[in-house]
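S.K.:
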Amino acid sequence: MGSLRRTRPRVTESEAKHAKRTKPEASEDSDSETDSTALDDVDEDDEVLQEIRSSRGQSTGTMPVHALPLYSLLTPERQQLVFEPPPDGHRLIVVATNVAETSLTIPNIRFVVDSGKVKTKIYDPATGASSFEIVWISQASAEQRAGRAGRVAPGHCYRLYSSQVFSSMQPFATPDILTRPIDEVVLMLKSYLGSTPLSRFPLPTTPSPIAIEAAECRLITLGALEELSRSSSEDKIRTITRAGRWMARLPLPARFARMLLFADQHQLMPYAVILVAALSVPDLFVTNIQPTEPDTVEEKSEGQTKSTIEDFRANFAQQFVRRKADLYFGDLSVLLGTVCCLERYAAQLHGLSDPEPGILEFCGGRKQVSRDPDAALRMLTERCGVRWNAYKEIRQLRRQLTDILNANIPDLGLALDLTLPRPTPDQVQQLRQLFLVGSPCHLATKFDLPVEGLPAKDRKRLRHAYRVPGVRGPVFVDPSSPLARENYPYLAFLELHKSAKPFLRTVCAIDPRWIPFLAPHNYRVDGLVLSDNPESTERPDSTQSHSPVLCTNTESDVDTDEDVRDHDHTQSDVDSKKPLSRP
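The numbering of the sequence shown is the working numbering, which starts it at 16 and goes up by one.
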């Protein structure tokens with residue numbers, strides 16, 4: 016709730032004097048008391064302004080408004096508020112992103128204020144980095160935004176830009192196929208076209224040859240495509256492999272599908288499915304650390320204060336990186352642990368397993384949980400700092416992947432187990448290797464600092480820096496990562512994002528000795544060519560009922576719940592394991 020504050024009109028000195036001169040005299044019958052104080056002068060000025068406003072036909076009061084936000088990350092219940100009538104005597108103001116441009120129509124909107132800008136994700140095919148930038152919209156989007164007003168009555172659109180700016184806008188927005196990686200598009204087309212070059216396929220909007228070449232090279236690295244021979248012509252003969260056809264059946268990016276292809280072993284598939292589902296859904300965690308809802312009388316009576324919720328939320332993610340093996344797993348340990356923990360809570364709240372001490376009271380009491388377990392699970396999810404919509408999407412994707420894998424892998428027998436135990440250190444190491452299998456082109460090495468000649472300020476700034484092939488300058492681990500202040504020599508990452516400086520998101524530590532066996536391609540690490548002939552490496556076969564076996568520990572790993580405090584690591588600290596056996 017708020018009030019619409021109007022800007023005071025500029026009052027000239029002559030107008031103020033004229034208003035004072037024409038101010039009616041007090042009646043002789045009225046009581047009067049004059050006290051020349053500063054406050055009286057302010058009151059007198061307000062009276063003068065009100066008279067001037069009245070003479071100009073302006074309102075003398077403020078108009079209360081009912082302001083609501085509208086964006087895609089809002090819960091459906093909060094989005095639904097914009098469709099409800101505002102309180103009596105209030106004007107509805109909706110502050111919306113471009114989700115209101117085409118996705119829905121808000122009734123009774125009479126006025127639209129269009130900034131002409133949109134925040135969009137920009138992909139750089141040269142470096143593989145992505146960034147969010149605020150850019151001008153297209154003319155089609157501007158017309159669409161104007162159409163939000165006047166649906167049920169005459170309306171107006173106020174554009175905060177000139178007609179000249181409108182004329183310089185693109186007629187239409189750039190198609191997504193030209194602004195994003197097209198690996199999945201190429202893989203799908205190759206599953207139908209075979210060895211036919213994509214340049215001969217009549218796409219409505221044809222990507223650039225550079226984008227097609229980059230996508231095919233990445234798919235070759237993942238084992239989804241293979242180059243049969245180099246033709247004398249400009250087109251190269253590349254065809255899909257049997258593993259690539261299997262990967263194309265999954266509703267996943269190719270890199271995640273490759274992870275599942277290798278996961279059918281040592282009871283690793285249940286964890287791999289959850290991990291892939293969590294990696295596929297963005298923004299699992301709430302970015303701001305604010306209470307999900309204001310404290311109510313019921314919450315206070317149960318002792319659930321705001322500080323309790325914040326403490327619980329702050330400690331929730333930390334529990335998944337207390338073991339040394341889990342710290343090596345980095346952000347993936349937090350993702351996997353969060354989803355598995357919430358699944359266990361779901362089983363407890365629905366009566367499928369015994370509840371943990373205090374969990375029922377934290378969700379509103381036994382009666383409330385038994386009356387509506389889904390609402391209790393949602394309350395718990397939001398108090399853990401997890402977005403409810405993202406968690407639901409992960410659960411749905413996990414169920415879908417389970418059905419597809421059971422249909423395509425004989426005798427798999429994968430079930431939706433809500434009570435998965437915490438993965439052992441051996442399983443955590445195998446999951447790290449699995450992430451490397453899907454990230455052969457997303458590796459980072461520690462940034463080399465010169466021995467001398469570097470100022471202390473720069474040396475401190477670059478202490479936690481890394482370098483990525485194809486990216487000029489240092490890159491850094493995202494500050495929210497548990498590995499942000501660590502110094503592991505080698506990392507695998509999910510994506511490179513540029514804001515004020517380039518950041519690696521969703522990272523885990525790896526052993527470089529795994530690379531020749533799990534990411535066999537022409538990749539250079541610290542000047543060492545790990546593999547010169549990627550075609551000589553045996554590729555996984557989707558017809559096999561079991562994928563190649565990843566390595567296990569040759570020495571017992573640290574398996575305690577003590578916090579890891581050391582921040583400088585050599586490669587021997589990361590893993591003292593034998594090189595992996597060939598798949």
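Beta carbons are placed, not taken as given, at the ideal position from N, Cα and C, and that holds for glycine.
Note that the coordinates shown come from a computational prediction; the quantities given were computed from them, not determined experimentally.
Counting C-beta neighbours from all protein chains within 10 Å, is the total for serine 454 16 or more, i.e. buried, or is it exposed?
M.R.: Within the sequence shown, the letter at position 439 stands for residue 454. Its Cβ being crowded by 16 or more others within 10 Å, serine 454 is buried.
S.K.: Using three-state DSSP, classify threonine 558 as helix, strand or coil.
M.R.: Residue 558 sits at position 543 when you count from the first residue of the sequence shown. Note that threonine 558 scores 34 on pLDDT, short of 50, meaning its location in the model is unreliable; the coordinates nonetheless yield the value given after this. Coil, per DSSP.
S.K.: By the 10 Å Cβ neighbour count, where 16 or more other Cβ atoms means buried, how is phenylalanine 126 classified, buried or exposed?
M.R.: Here residue 126 is taken as the residue at index 111 of the sequence shown, counted from 1. By the 10 Å Cβ count, phenylalanine 126 comes out exposed.
S.K.: Do valine 492 and leucine 458 count as a contact pair if the criterion is CB distance below 8 Å?
M.R.: The residue given as residue 458 occupies position 443 in the sequence shown. The residue given as residue 492 occupies position 477 in the sequence shown. Result no, Cβ atoms of leucine 458 and valine 492 do not sit closer than 8 Å.
S.K.: Quick one: measure Cβ to Cβ for phenylalanine 532 and arginine 447, integer angstroms, because I've assumed they're closer than 8 Å.
M.R.: As a first step, residue 532 must be located in the sequence shown, where it is residue number 517. As a first step, residue 447 must be located in the sequence shown, where it is residue number 432. In this structure, phenylalanine 532 and arginine 447 do not form a Cβ contact; the two beta carbons are roughly 14 Å apart against a cut-off of 8 Å.
S.K.: Are the Cβ atoms of arginine 273 and glycine 238 separated by less than 8 Å?
M.R.: Against the sequence shown, residue 273 aligns to sequence position 258. Against the sequence shown, residue 238 aligns to sequence position 223. Closer than 8 Å, so yes.
S.K.: Where does the unbroken alpha helix (DSSP H) through glutamate 501 begin, and where does it stop?
M.R.: Along the sequence shown, read from residue 1 onward, the residue named residue 501 stands at position 486. From DSSP, glutamate 501 is part of no alpha helix (DSSP H); its letter is neither H nor E.
S.K.: Check whether the stretch 135 to 145 touches the stretch 90 to 97, taking contact to mean three or more Cβ pairs, one atom from each stretch, closer than 8 Å.
M.R.: no
S.K.: For alanine 164, I'd like the list of residues in its chain whose CB is within less than 8 Å of its CB, leaving aside the five on either flank, ordered along the chain.
M.R.: As a working mapping, residue 164 is identified with position 149 in the sequence shown. The answer, listed in chain order, is Ile124, Arg125, Phe126, Val127, Gly170, His171 and Cys172.
S.K.: Kindly confirm or deny that the stretch 500 to 511 and the stretch 428 to 436 touch, where touching means at least three C-beta pairs closer than 8 Å.
M.R.: no
S.K.: Expressed to the nearest angstrom, what Euclidean distance is found between the alpha-carbon atoms of proline 306 and leucine 89?
M.R.: As a position in the sequence shown, residue 306 is number 291, starting the count at 1. As a position in the sequence shown, residue 89 is number 74, starting the count at 1. Unreliable positioning characterises proline 306 in this predicted model, as indicated by a pLDDT of 36, which lies under 50. The coordinate reading is nonetheless provided below. The alpha-carbon atoms of proline 306 and leucine 89 are separated by roughly 15 Å.
S.K.: Please classify arginine 398: does DSSP put it in a helix, a strand, or coil?
M.R.: Start at 1 with the first residue of the sequence shown, and residue 398 comes out as number 383. It is helical.
S.K.: Between valine 349 and valine 336, how many whole angstroms is the CB-CB distance? I'm expecting something under 8 Å.
M.R.: Here residue 349 refers to the residue found at position 334 when the sequence shown is read from its first residue. Here residue 336 refers to the residue found at position 321 when the sequence shown is read from its first residue. Under the criterion of beta carbons closer than 8 Å, valine 349 and valine 336 qualify as touching, at roughly 7 Å.
S.K.: Pull up the distance between the alpha-carbon of proline 186 and that of glutamine 159, whole angstroms please.
M.R.: Within the sequence shown, residue 186 is the residue found at index 171, counting from 1. Within the sequence shown, residue 159 is the residue found at index 144, counting from 1. C-alpha separation (whole angstroms): 12 Å.
S.K.: With a threshold of 6 Å on Cβ separation, who are the neighbours of serine 29 within its own chain once the five nearest residues in sequence on each side are excluded?
M.R.: For this step, residue 29 is matched to residue 14 along the sequence shown. Because the pLDDT at serine 29 is just 46, under 50, the model does not fix this residue reliably, and the point stays unresolved.
S.K.: If you draw a straight line from the alpha carbon of arginine 106 to that of valine 167, how long is it in whole angstroms?
M.R.: Here residue 106 corresponds to residue number 91 of the sequence shown, with the count starting at 1. Here residue 167 corresponds to residue number 152 of the sequence shown, with the count starting at 1. Between arginine 106 and valine 167, the C-alpha separation is close to 16 Å.
S.K.: Do you know how far the Cα of serine 368 is from the Cα of alanine 362?
M.R.: Numbered from 1 along the sequence shown, position 347 holds the residue referred to as residue 362. Numbered from 1 along the sequence shown, position 353 holds the residue referred to as residue 368. Alanine 362 and serine 368: Cα-Cα distance of roughly 6 Å.
S.K.: When you compare each of Thr189, Gly380 and Leu347 to glutamine 445 by their alpha carbons, which one comes out closest?
M.R.: Residue mapping note: residue 445 aligns to position 430 of the sequence shown, counting from 1. The candidate whose alpha carbon is nearest that of glutamine 445 is Leu347.
S.K.: Under three-state DSSP, which class holds lysine 516?
M.R.: Position 501 of the sequence shown holds residue 516. Looking at lysine 516 - three-state DSSP - the assignment turns out to be coil, as it is neither helix nor strand.
S.K.: Assess, as a yes-or-no matter, whether the stretch 469 to 488 is touched by the stretch 374 to 386 under the definition of 3 or more beta carbon pairs within less than 8 Å.
M.R.: no
S.K.: How would you write the range of the alpha helix (DSSP H) that isoleucine 530 sits in, first residue to last?
M.R.: Within the sequence shown, numbered from 1, the residue matching residue 530 stands at position 515. First-last of the alpha helix (DSSP H) with isoleucine 530: 530 to 533.
S.K.: If you drop the 5 nearest sequence neighbours on each side, which residues of the same chain put their C-beta closer than 6 Å to that of leucine 83?
M.R.: Here residue 83 corresponds to residue number 68 of the sequence shown, with the count starting at 1. So the list reads Leu96, Val97 and Val109, once near-sequence residues are dropped.
S.K.: Quick check: valine 201 and glutamate 231, are their CB atoms within less than 8 Å of each other?
M.R.: If you number the sequence shown from 1, residue 201 lands on position 186. If you number the sequence shown from 1, residue 231 lands on position 216. The answer is yes: Cβ separation under 8 Å.
S.K.: Going by DSSP in three states, lysine 472 sits in which element: helix, strand or coil?
M.R.: As a position in the sequence shown, residue 472 is number 457, starting the count at 1. Helix.
S.K.: Measuring alpha carbon to alpha carbon, tell me which of Gly373, Leu392 and Leu351 ends up nearest histidine 365.
M.R.: By one-based count along the sequence shown, residue 365 stands at place 350. Ranking Gly373, Leu392 and Leu351 by Cα distance to histidine 365 puts Leu392 first.
S.K.: Expressed to the nearest angstrom, what Euclidean distance is found between the alpha-carbon atoms of leucine 375 and arginine 386?
M.R.: Position 360 of the sequence shown holds residue 375. Position 371 of the sequence shown holds residue 386. Going by the C-alpha atoms only, they are around 12 Å apart.
S.K.: In chain order, what residues of the same chain have a beta carbon less than 8 Å from the beta carbon of proline 224, not counting five sequence neighbours either side?
M.R.: Here the question's residue 224 lines up with position 209 in the sequence shown. Answer for proline 224: Ser214, listed in chain order.
S.K.: What do you reckon, are the CB atoms on isoleucine 149 and lysine 132 nearer than 8 Å?
M.R.: For the purposes of this step, residue 149 is taken as the residue at position 134 of the sequence shown. For the purposes of this step, residue 132 is taken as the residue at position 117 of the sequence shown. In this structure, lysine 132 lies closer than 8 Å to isoleucine 149 by Cβ.
S.K.: Quick check: what's the CA-CA separation for arginine 476 versus phenylalanine 331?
M.R.: Residue 476 sits at position 461 when you count from the first residue of the sequence shown. Residue 331 sits at position 316 when you count from the first residue of the sequence shown. When rounded, the distance between both Cα atoms is 29 Å.
S.K.: With DSSP as the reference, label threonine 189 as helix, strand or coil.
M.R.: Here residue 189 refers to the residue found at position 174 when the sequence shown is read from its first residue. In the structure shown, threonine 189 sits in coil (DSSP, three-state: anything other than H, G, I, E or B).
S.K.: Rounding to the nearest angstrom, what Cα-Cα distance links serine 514 and proline 297 in this structure?
M.R.: Counting from one through the sequence shown, the residue named residue 514 turns up at place 499. Counting from one through the sequence shown, the residue named residue 297 turns up at place 282. Near 17 Å, if we compare the C-alpha coordinates of proline 297 and serine 514.
S.K.: Mind checking glutamate 501: buried by the 16 CB within 10 Å criterion, or exposed?
M.R.: Along the sequence shown, one-based indexing puts residue 501 at 486. Its Cβ being crowded by 16 or more others within 10 Å, glutamate 501 is buried.
S.K.: DSSP three-state label for aspartate 60, please.
M.R.: For the purposes of this step, residue 60 is identified with residue 45 of the sequence shown, where counting begins at 1. Reliability of the predicted coordinates at aspartate 60 is poor, the pLDDT of 44 falling under 50, and the value obtained from them is presented with this limitation in mind. It is helical.
S.K.: Would you mind reading off the limits of the beta strand (DSSP E) that contains valine 486?
M.R.: Along the sequence shown, read from residue 1 onward, the residue named residue 486 stands at position 471. Run containing valine 486: none; DSSP gives neither H nor E here.
S.K.: Our contact map puts isoleucine 289 next to leucine 351 with C-beta atoms below 8 Å; I'd like the distance itself, whole angstroms only.
M.R.: Walking along the sequence shown from the start, residue 289 turns up at place 274. Walking along the sequence shown from the start, residue 351 turns up at place 336. Isoleucine 289 to leucine 351, Cβ: 6 Å. Contact.
S.K.: Could you spell out where the beta strand (DSSP E) holding leucine 96 opens and where it closes?
M.R.: The residue you call residue 96 lines up with position 81 of the sequence shown. Careful: leucine 96 lies outside any beta strand (DSSP E) and carries neither H nor E.
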